[in-house]
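Heads up, the thing below is written out as structure tokens.
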Amino acid sequence: MNKALLLIGLLFTMSACQGKSEPIVETSENPEVVENKVNSGYKIGDEATDFKLENIDGNQVSLADYPDAKGFIVIFTCNHCPYAVAYEDRIIALDEKYKPLGYPVIAINPNDPEVQPEDSMEEMRKRAAEKGFTFPYLLDLGQEIYPQYGATKTPHVFLLNKEEGKNIVKYIGTIDNNYEDADDADVHYVQDAVDSLLAGNPIETETTVAIGCTIKVKD
Numbered sequence: 011m012n013k014a015l016l017l018i019g020l021l022f023t024m025s026a027c028q029g030k031s032e033p034i035v036e037t038s039e040n041p042e043v044v045e046n047k048v049n050s051g052y053k054i055g056d057e058a059t060d061f062k063l064e065n066i067d068g069n070q071v072s073l074a075d076y077p078d079a080k081g082f083i084v085i086f087t088c089n090h091c092p093y094a095v096a097y098e099d100r101i102i103a104l105d106e107k108y109k110p111l112g113y114p115v116i117a118i119n120p121n122d123p124e125v126q127p128e129d130s131m132e133e134m135r136k137r138a139a140e141k142g143f144t145f146p147y148l149l150d151l152g153q154e155i156y157p158q159y160g161a162t163k164t165p166h167v168f169l170l171n172k173e174e175g176k177n178i179v180k181y182i183g184t185i186d187n188n189y190e191d192a193d194d195a196d197v198h199y200v201q202d203a204v205d206s207l208l209a210g211n212p213i214e215t216e217t218t219v220a221i222g223c224t225i226k227v228k229d
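Numbering-wise (my numbering), the sequence shown opens with residue 11 and increments by one.
Here you go:
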């Protein structure tokens, strides 16, 4: 009898393991600070190379266009992802607060618009106008920049600091610890990191797990 029950339990477990599972997002609201979960692109302390991508206004934008900036809050984001949408107002707030202090937001859409039509340049322009984006919203049309950075989700933040003419990566990860409700977030990773740079202090939390949707590429 025990053997029969054991066999039934084993078959049930195998069946459950074979079930279809398509997790496309990180669901933890408390991202752990763990280096081995961070992307395979840039690491903390690496120099980020410049890029030139098309903005929603039709102009090409690069980091070199901001000679007076102290650094950049580079955020890979998009239109369609509910996590990206949930963070839009917070991204606008980051730009409004830190651009005057030398750390502007540079938003980059890494998704292939043929795979995700909602993330086309036309739709980007519409969304930016609807939300009143105060920052460049660039399209990584050739999908060459996000792999260099190692972005894996939207949104995914890379905080850069200018040091001796180089853009050095100082923080990688999520914006805060509650994507669902900004008012309930009690750890603001990006804000804390920029504040530390402005104060000349070490950044306490340098990496977190990005919370969001997977980047859309052709099969």
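All C-beta atoms in this analysis are idealised placements derived from N, C-alpha and C, irrespective of residue type, glycine included.
First through last residue of the alpha helix (DSSP H) which encompasses residue i
i: Val125; result: First-last for Val125: undefined, no H or E at that position.
i: Leu104; result: 92–108
Close beta carbons around residue i, own chain, < 6 Å, minus the five adjacent residues each side
i: Gly81; result: Tyr113, Leu170, Asn171, Lys172
i: Ala195; result: Asp186, Asn187, Asn188
i: Glu98; result: Lys141
i: Lys226; result: Asn121, Asp122, Val125, Gln126
Three-state class that DSSP yields for residue i in the structure shown
i: Ile178; result: strand
i: Gln153; result: coil
i: Val204; result: helix
i: Glu132; result: helix
i: Glu140; result: helix
i: Val219; result: coil
i: Ala79; result: coil
i: Tyr159; result: helix
Beta bridge counterpart(s) of residue i as assigned by DSSP
i: Ile85; result: Ala117, Val167
i: Val227; result: Answer is none; Val227 lacks a bridge partner.
i: Tyr147; result: Ala117
i: Glu173; result: Lys176
i: Glu57; result: Ile178
i: Gly183; result: Val167
i: Val197; result: DSSP, once it has assigned bridges, lists no residue as partnering Val197.
i: Leu70; result: Contrary to the premise, residue 70 reads as Gln rather than Leu in this sequence. Beta-bridge pairing links Gln70 to Glu64.
Top-ranked residue by Cα proximity to residue i, from the options
i: Cys91; options: Pro120, Asp67, Lys109, Glu140; result: Pro120
i: His166; options: Lys176, Tyr181, Ser206; result: Tyr181
i: Lys228; options: Phe86, Asn69, Val125; result: Val125
i: Asp60; options: Val84, Asp67, Asp99, Glu98; result: Val84
i: Asp205; options: Leu111, Gly183, Tyr189; result: Leu111
i: Ile155; options: Ile213, Ile116, Ala103, Ile101; result: Ile116
i: His198; options: Ser50, Arg100, Asp122; result: Arg100
i: Tyr93; options: Ala192, Gly142, Ala79, Asp67; result: Ala192
i: Leu151; options: Cys88, Pro77, Lys176; result: Cys88
i: Thr184; options: Lys136, Gly222, Pro77; result: Gly222
i: Pro77; options: Gly175, Val179, Gln158, Glu216; result: Gly175
Cut-off 8 Å between Cβ atoms - residues of its own chain near residue i, not counting five sequence neighbours on either side
i: Glu9; result: With the chain covering 11 to 229 only, the question about residue 9 has no answer from this structure.
i: Pro127; result: Glu133
i: Ser50; result: Gly160
Unbroken beta strand (DSSP E) run spanning residue i, endpoints
i: Glu64; result: 63–65
Same chain, Cβ closer than 7 Å to residue i, five either side skipped, listed in chain order
i: Ser31; result: Residue placement at Ser31 cannot be trusted, given a pLDDT of 28 that sits under 50; what the coordinates show is reported in the next sentence. There are no such residues.
i: Leu149; result: Leu63, Glu64, Asn119, Met131, Met134
i: Lys47; result: Caution applies to Lys47, whose pLDDT of 39 falls short of 50 and renders its modelled position unreliable; the value that the coordinates give is listed next. Closer than 7 Å at the Cβ level, and outside the excluded window around Lys47, lie Val219.
i: Leu208; result: Leu111
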